[in-house]
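One structure below.
2 protein chains.
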Amino acid sequence: MTMTAAPSTDATASSDFENHPLQSVFAPKSVAVIGVTPTPDTVPYDIFHNILTSGYRGTVYPIAPGKRNICAVKAYRYVLDIEDDVDQAVIVFPANVVERALEQCGQKGIKSAIVISAGFREVGAKGLVREKRLVDICREYGISMIGPNCLGVINTDPKVQLNASFARKMPDEGRIAFLSQSGALCTAVLDYAREKGIGFSKFVSFGNKAGVTEIELFDYLHNDPQTDVILLYLEELRDGRGLIEAARRVTRGDNAKPILAIKSGRTPQGADAASSHTGSLAGEDPVCDAVFREAGIIRVASIEQLFNSAILYAYQPMPSGDRLAIVTNAGGPGVMATDAAVRVGLSIPRFNEDTTAKLKAALPATANVKNPVDVIGDARADRYGAAVQAVLDDPNVDQALVILTPQSMTDIDSIAKGVCQLHETASKPIACSFMGAADVGSGIHLLQKSHIPHYILPEWACEAMADVQRIRHWREQPIGDIEALDVDRATVESILSSADEGYLSEDRSLSIMGAYGLPVPAHRLCTTADQAVAAADQFGYPVVLRVISPQIVHKSEVHGVALDLASADAVRAAFDEMWRRVSELMPEAEITGLLVRPMIPDGYEVILGAKRDPSFGPTVMFGLGGIYVELFKDVTFGLAPLDRHTAARMVQQVKACRLLEGARGRVCSDIEGIQDCLVRVGQLINDFDRILELDVNPLIAGPMNKGNMVADVRIRLAGV
Amino acid sequence: MTMTAAPSTDATASSDFENHPLQSVFAPKSVAVIGVTPTPDTVPYDIFHNILTSGYRGTVYPIAPGKRNICAVKAYRYVLDIEDDVDQAVIVFPANVVERALEQCGQKGIKSAIVISAGFREVGAKGLVREKRLVDICREYGISMIGPNCLGVINTDPKVQLNASFARKMPDEGRIAFLSQSGALCTAVLDYAREKGIGFSKFVSFGNKAGVTEIELFDYLHNDPQTDVILLYLEELRDGRGLIEAARRVTRGDNAKPILAIKSGRTPQGADAASSHTGSLAGEDPVCDAVFREAGIIRVASIEQLFNSAILYAYQPMPSGDRLAIVTNAGGPGVMATDAAVRVGLSIPRFNEDTTAKLKAALPATANVKNPVDVIGDARADRYGAAVQAVLDDPNVDQALVILTPQSMTDIDSIAKGVCQLHETASKPIACSFMGAADVGSGIHLLQKSHIPHYILPEWACEAMADVQRIRHWREQPIGDIEALDVDRATVESILSSADEGYLSEDRSLSIMGAYGLPVPAHRLCTTADQAVAAADQFGYPVVLRVISPQIVHKSEVHGVALDLASADAVRAAFDEMWRRVSELMPEAEITGLLVRPMIPDGYEVILGAKRDPSFGPTVMFGLGGIYVELFKDVTFGLAPLDRHTAARMVQQVKACRLLEGARGRVCSDIEGIQDCLVRVGQLINDFDRILELDVNPLIAGPMNKGNMVADVRIRLAGV
């Protein structure tokens, strides 16, 4: 059988792994369950019983004040009473006594604690105080804590076999790790996965993640030789930046493992529901989407998709391309699969002559020997076998999907066995869709036993294949280093040091942009018409006049903008007129001066934004003109600072970028210049914490050799 | 128990139904199976055996030349040998002898034939000839034929109980009719539906649809009192226009029944696959999407969605709005469901005070009493019951989704029974998602038995609810009559009578537009500079000059366009210059003249198109400017002729329409005028078969009171 694509870690890495701080969480030599009761079907009892009966290789001690024994195992009053060393505590006491129990764990020298108990952060302020005390104790004693408010931890490694959770049954061993912030979801997932024959390496419900978070779990699983793929269900991004950095380490490089994630709270209403449930602070979902993509996290929409993609990756080799061959005994599903494949970005190659000849020889005259291959309704295992073998041998094919509907002649189990045999020698991935339920049940079971991914609908197989393509592309995608840019930090520091909270004036904003190397127009703040004319003479006509005042945000509403002033007289007249009208319209506004700058030639309007996201920190945004952003949401986001490759991808991902590339017979814009601006804006917001938000709206994208120009910019600052 | 939303037909309708020509297909009093063999597990045997053993209320006769009996039933050599009247023949002979058998059926007076045999249109030209002969025989004898190349027909009506198919098992009785062009898909669907407890009223595999098509089946099922909802799997639109007209009759009005459909071949590659499999001619998929929507056909993407939506409609009352209450014992799935609901367009209402008070009284303090309601992991049936009852009673709630994950305290079956009880008195729809597999299996079974739609994923429940909203909106949506427009047909007739195949000249195209009441600029075709100056004097300056020549398609490439000519001298100079340059650059071009017309003021560029679609006939297209259409595919389509309501919806559906409405501080355009142009363009292509294609590109949309103007138009004609 072909094994999974991810290479196993070498000997050194493996010894490092044995010393990983989270080993005490997953592979403790002894466990104390604190707060056990003798009543079956209660959480405290179930956890102890699960550890005792799931084949755990270490020693388990029940802490049950007032009881002599639990399930015939000697019970203790306190963890401190245990004569031997204890590695791990699983705490199921009510919330108000967890603190005391944890303190004793520290005194006992216990290295990890799984706090199942609820009643912490998720119940409000009082609970949060209690939770913080747990964190303090863990810090004091060096305890790795999972939870509180979680289902527990499962490790199926035969050397450990620990079910420190109240899940009803231990899952099968497998190469998939599942991490979930929702404990309740875990019970459903375990039940669901068992039905599909899916096993797990590690299964972690991390609840309120007051101690160990998904970020440390990523690092552990990255090194875990039992794990090939990491699945995550997440509601709350407490350290989005840390998550992204960890994900990048895990998903690329020699020991790359993919991360597939559901991040719920995608809609404002969903985020509200998540926040009333976890007390989390939500960033914007399109930002999360973009940032996950740039961190190699495959974001999926449902539990079904999560596992559909995971089993394909975990059970099959990595395909070398996106070309899919389909073999079916039913034309309709073949067409549906073709539609689905194309929709998700796979290609449906033509077969070469050799393959076509083989198919013609093996199939009846009425069969379709083109892709998708229709072996016709009365096909039996021999015909399927010949067809699947032929398409897998074709150099134009990277992977195969075998579709079957249960017709009267169909020998389903034999066909399944045939596919399993082919799979043993195949170097390309195979997935199957035996459509139906009971009639195809035993065939599906045979496939699952041989680790051939099976999907009731061929469409799902195609979606999973598309996710695997995403994993492949991410690994191959270039990511550069963050460059040290030639910028004038001192100028920005000096401007910021004299600036208050709120919006910065236009002249100072332009100076900051200029200091960071963005193309800004020549400009001068003038308080007299003479100064303005002198500036215009120097810059060249025509020029623009713009009012500068801390009280004026929307300049054009107070007639504070004059365009296309073509002569000294025009400048002089406009200067006096503007000063007079603005003073009349807004007598309370203090006019700092009028800004003179040259007219900027026409070009496409591009928006560059930067913002501190509550989850991800400094982010950069790119889009074209107002209408594309507003109506079509045609924007992309990236984490600041940006490398040049990422900036290039951000520009490419915007559909309207085709305009910049010269669509519709226009000249090409200076796209490389725009990428440079993005990198510089990212550097700027990253360098100065006081910059909360920054909008270059618009940057005028001129033709290729003429370059770009900042036409307007607004910067919002935090207080000092 | 609340019954389905669709009202049953009255007594008169029912008697009409008894005389429906397709009654002989679905409710024959006697059936002859022609071509039976005595070998089990072959199609001919299986069909006879299925009819014999599925409880058929009529008489079945095997036609098996050379056999005395089949399954102990007396066999005949020819259908003509049967002593009694026969209503229906099921023909399973090889393709080459079907014709002779069908001829004998006609002689015997048989009214319907189900031709299972393959080897017709789907195998190429020879098969098509054979198929046409069958059609001729059916026409001659008045036989309603299903197939050829199909699985057969099933009617679960207890008064009939006919399984005239080679499906392995008879499905349960139900309120859903399933029609499929793919026979192979049927076997999978039957297996799948059985697992989900889904029953059928009628089940039809119509194969090559040489005789009875989906259109006639729609009409029959519309009148069938056993059917509430119609599901369709379609690969080939042979008479798209007829399908749409039939669908509109079925899906609206007093006896409205929804149609949900998969139309495969959505992508060019899928359409290729479908065409090599059915020999069909594919129209464009976005056209199909739009046209289905305007015919009330809910187009879905997969078999899963087809049934997910069908059971919700068939089993539950029609909700009066889109407001969804969610009750869950697991926060995470509650958030995911909220996300999914909002994404598909449902709303998540706030509860009123009364409901909140009831929830607070019934649930523990740590529960979330806001929507989505979290009854907390240890909830049992009492808590679920109180919460679901409370939210259903809230006037702000139109429907409820009950989510459950199997946690240690969860009494799954009791909760299911509680929901079933609530359902009996509830007037609002309830759907459930018991997440998992084996652990929740018996609970799911209880729900299915009570016809409460169940979905493994809450997201699917939301998608099904969104489809039901679509059904509701479609029924409420206004559709006007096609108006008799005040147009000048005679002018168009006269222009067309003198025009050849291909593109019509610009002056004649403009005249046609004018004759049909579209706003065209004044224009005159001139052959001398004096004429041009006279025209310009009359129209007013500035004017435009454009070359007219049958050989010149791209005017600007040969300098055949001059803009903004502001004086008589300018017109004269440009006239001579253009005639000279064009003659030099394209000496072979015959210049008909130069067209003079006034400059059109600025405005948004709008595209109105009309085209004969191979499936749907004359269609109309609407979109804004080149870039929105090209990059964002922001266009809509409609069937010509259009009523005004549909034209208004077409304009609204285009996202860039917000620009016309005055987004970004611009003035409003004359949207009603654009709608009028769409109606007129639709009328034009509908009135004249020779118009193959027509593009008004652009129509300049002026401000509200200034009106619109055709700036350029191209019309392509068929030969006479």
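Residue numbers (the numbering used here), protein chains in the order written: chain V, 793 to 1512; chain D, 793 to 1512.
Even glycine gets a Cβ: it sits at the ideal position worked out from N, Cα and C.
Exercise for review: Answer with buried or exposed for V1512 of chain D, where buried requires no fewer than 16 other C-beta atoms within 10 angstroms of its C-beta.
Suggested key: Sequence index remark: in the second sequence, residue 1512 of chain D carries index 720 (1-based). Exposed, since its Cβ has fewer than 16 Cβ neighbours within 10 Å.
Check your understanding: Checking contacts by CB at 8 Å: is M962 of chain D closer than that to chain V?
Key -> Position 170 of the second sequence, counting from 1, holds the residue named residue 962 of chain D. No, its Cβ sits nowhere closer than 8 Å to a Cβ of chain V.
Review point. Roughly how far, in whole angstroms, is the beta-carbon of L1466 of chain D from the beta-carbon of N1500 of chain D, given that I think they are within contact range, below 8 Å?
Key: Along the second sequence, read from residue 1 onward, the residue named residue 1466 of chain D stands at position 674. Along the second sequence, read from residue 1 onward, the residue named residue 1500 of chain D stands at position 708. The displayed chain sequence assigns Ile, not Leu, to residue 1466 of chain D. Between N1500 of chain D and I1466 of chain D the Cβ distance is about 6 Å, and since that is below 8 Å, they are a contact.
Check your understanding: Taking DSSP as the reference, what is the three-state secondary structure of V1165 of chain D?
Key -> As a working note, residue 1165 of chain D is residue 373 in the second sequence. If DSSP states are grouped into helix, strand and coil, V1165 of chain D belongs with the strands.
Check your understanding: If we count the other Cβ atoms within 10 Å of its Cβ and call it buried at 16 or more, is D1240 of chain D buried or exposed?
Key -> Taking the first residue of the second sequence as 1, we reach residue 1240 of chain D at position 448. Here residue 1240 of chain D is Gln; the residue named in the question, Asp, does not match the sequence. So Q1240 of chain D counts as buried.
Exercise for review: Using a Cβ cut-off of 8 Å (strictly closer), state whether E1349 of chain V contacts chain D.
Suggested key: Reading the first sequence from its first residue, position 557 is the one you call residue 1349 of chain V. No, because no Cβ of chain D sits closer than 8 Å to the Cβ of E1349 of chain V.
Exercise for review: Report the neighbours of L1249 of chain D on chain V: residues whose CB is nearer than 9 Å to its CB, in chain order.
Suggested key: The count along the second sequence starts at 1 and reaches residue 1249 of chain D at position 457. Per Cβ cutoff of 9 Å: S1094, I1095, E1096.
Practice item. Could you spell out where the beta strand (DSSP E) holding R1508 of chain D opens and where it closes? Key: If you number the second sequence from 1, residue 1508 of chain D lands on position 716. Where R1508 of chain D is concerned, the enclosing beta strand (DSSP E) stretches over 1505-1509.
Check your understanding: Under a Cβ-count criterion, where at least 16 other Cβ atoms within 10 Å of its own Cβ denotes burial, should Q880 of chain V be classed as buried or exposed?
Key -> Numbered from its first residue, the first sequence carries residue 880 of chain V at position 88. Burial call: buried.
Review point. For a contact meaning CB atoms closer than 8 Å, what does P1125 of chain D contact in chain V?
Key: Translated into the one-based positions of the second sequence, residue 1125 of chain D becomes position 333. Ordered by position in chain V, the residues that pass the 8 Å Cβ test against P1125 of chain D are S974, A976, L977, A980.
Check your understanding: In chain D, which residues lie less than 9 Å from K1447 of chain V when you measure between Cβ atoms?
Key -> Taking the first sequence and counting its residues from 1, the one referred to as residue 1447 of chain V is at position 655. The contacting residues are L1423, F1424.
Check your understanding: Grouping DSSP H, G and I as helix and E and B as strand, with all else coil, what is L1023 of chain D?
Key -> Against the second sequence, residue 1023 of chain D aligns to sequence position 231. Reduced to three states, the DSSP call for L1023 of chain D is strand.
Check your understanding: Hey, quick one: how far does the alpha helix (DSSP H) through E1397 of chain V stretch, first residue to last?
Key -> Taking the first sequence and counting its residues from 1, one reaches residue 1397 of chain V at position 605. E1397 of chain V -> not in any alpha helix (DSSP H); beta strand (DSSP E) instead, spanning 1396-1405.
**Study point:** C-beta contact flag for L1193 of chain V and S1225 of chain V at 8 Å
**Key:** Here residue 1193 of chain V is taken as the residue at index 401 of the first sequence, counted from 1. Here residue 1225 of chain V is taken as the residue at index 433 of the first sequence, counted from 1. Yes, they are a contact pair.
Exercise for review: Would you mind sorting A798 of chain D into buried or exposed? The rule is 16 or more other CB atoms within 10 Å of its CB.
Suggested key: Counted from its first residue, the second sequence places residue 798 of chain D at position 6. With a pLDDT of 42 at A798 of chain D, under the threshold of 50, the modelled position of this residue cannot be trusted, and the question is left open.
Practice item. Select from V:Q1108, V:G1177, V:F1099 the residue whose C-alpha is nearest the C-alpha of N1121 of chain V. Key: Position 329 of the first sequence, counting from 1, holds the residue named residue 1121 of chain V. Answer by Cα proximity: V:G1177.
Exercise for review: Please confirm if the stretch 938-950 of chain D is in contact with the stretch 993-1000 of chain D, defined as three or more CB-CB distances below 8 Å between the two stretches.
Suggested key: yes
Review point. Using a C-beta cutoff of 8 Å, does F958 of chain V count as contacting chain D?
Key: The residue given as residue 958 of chain V occupies position 166 in the first sequence. Yes, contact with chain D.
Point to revise | Own chain, CB closer than 7 Å to I1392 of chain D, minus 5 neighbours either side, in chain order | key: Translated into the one-based positions of the second sequence, residue 1392 of chain D becomes position 600. So the list reads P1313, I1492, M1501, A1503, once near-sequence residues are dropped.
Exercise for review: Buried or exposed for H1215 of chain V, please, with buried defined as at least 16 other CB atoms from any protein chain shown within 10 angstroms of its CB.
Suggested key: Taking the first residue of the first sequence as position 1, residue 1215 of chain V is located at position 423. By the neighbour-count rule (16 or more Cβ atoms within 10 Å), H1215 of chain V is buried.
Practice item. Take E778 of chain D as the anchor and find which of D:A1440, D:E1251, D:L977, D:S1407 has the nearest alpha-carbon. Key: This structure leaves residue 778 of chain D out entirely; chain D is present only between 793 and 1512.
Check your understanding: Fully enclosed by the stretch 1188-1223 of chain D, which beta strand (DSSP E) runs are 3 residues long or longer?
Key -> 1191-1196
Review point. Are any of the Cβ atoms in chain D nearer than 8 Å to that of G1494 of chain V?
Key: Here residue 1494 of chain V corresponds to residue number 702 of the first sequence, with the count starting at 1. Not an interface residue.
Practice item. Closer than 7 Å by beta-carbon distance: list the chain D residues that pair up with V1232 of chain V, in chain order. Key: Within the first sequence, numbered from 1, the residue matching residue 1232 of chain V stands at position 440. Those within 7 Å of V1232 of chain V in chain D are D983.
Review point. According to DSSP, is R1030 of chain D helix, strand or coil?
Key: Mapped onto the second sequence, residue 1030 of chain D falls at position 238. The answer is coil: DSSP assigns R1030 of chain D none of H, G, I, E or B.
Point to revise | E1027 of chain D: contacting residues in chain V (beta-carbon distance under 8 Å) | key: Here residue 1027 of chain D corresponds to residue number 235 of the second sequence, with the count starting at 1. The answer, in chain order, is G1123, G1124, V1127.
Check your understanding: Just how far apart, CA to CA, sit L1484 of chain V and R1506 of chain V?
Key -> By one-based count along the first sequence, residue 1484 of chain V stands at place 692. By one-based count along the first sequence, residue 1506 of chain V stands at place 714. Looking at the two C-alpha atoms, the distance is approximately 11 Å.
**Study point:** chain D within 8 Å of R1030 of chain V, Cβ atoms only
**Key:** Position 238 of the first sequence, counting from 1, holds the residue named residue 1030 of chain V. No, its Cβ sits nowhere closer than 8 Å to a Cβ of chain D.
Practice item. Please list the segments of the beta strand (DSSP E) lying wholly inside the stretch 1422-1481 of chain V, counting only runs of 3 or more residues, in order along the chain. Key: 1427-1431
Practice item. Taking all protein chains shown into account, decide if Q973 of chain V is buried (16 or more other Cβ within 10 angstroms of its Cβ) or exposed. Key: Mapped onto the first sequence, residue 973 of chain V falls at position 181. Label assigned to Q973 of chain V: buried.
Check your understanding: Just how far apart, CA to CA, sit T794 of chain V and P1111 of chain V?
Key -> Locating residue 794 of chain V in the first sequence gives position 2, where the first residue counts as 1. Locating residue 1111 of chain V in the first sequence gives position 319, where the first residue counts as 1. Since pLDDT at T794 of chain V reaches only 38, below the 50 mark, its modelled position is unreliable, and no value is offered.
Point to revise | Buried versus exposed call for H1315 of chain V [16 or more other C-beta atoms within 10 Å across all chains shown] | key: Here residue 1315 of chain V refers to the residue found at position 523 of the first sequence. Counting Cβ neighbours within 10 Å, H1315 of chain V comes out buried, since at least 16 surround it.
Review point. Does the beta-carbon distance from R1058 of chain D to D1077 of chain D come in below 8 Å?
Key: For the purposes of this step, residue 1058 of chain D is taken as the residue at position 266 of the second sequence. For the purposes of this step, residue 1077 of chain D is taken as the residue at position 285 of the second sequence. Closer than 8 Å, so yes.
**Study point:** Length of the line joining the Cα atoms of G1169 of chain D and S909 of chain V
**Key:** Here residue 1169 of chain D is taken as the residue at index 377 of the second sequence, counted from 1. Here residue 909 of chain V is taken as the residue at index 117 of the first sequence, counted from 1. For G1169 of chain D and S909 of chain V, the distance between alpha carbons rounds to 12 Å.
Review point. Looking at the C-beta of D1487 of chain V, does it have a partner C-beta in chain D at a distance below 8 Å?
Key: Taking the first residue of the first sequence as position 1, residue 1487 of chain V is located at position 695. Chain D, which has no Cβ nearer than 8 Å to the Cβ of D1487 of chain V, makes this no.
Check your understanding: What alpha helix (DSSP H) runs, 4 residues minimum, are completely inside the stretch 1320-1407 of chain D?
Key -> 1321-1331, 1360-1377
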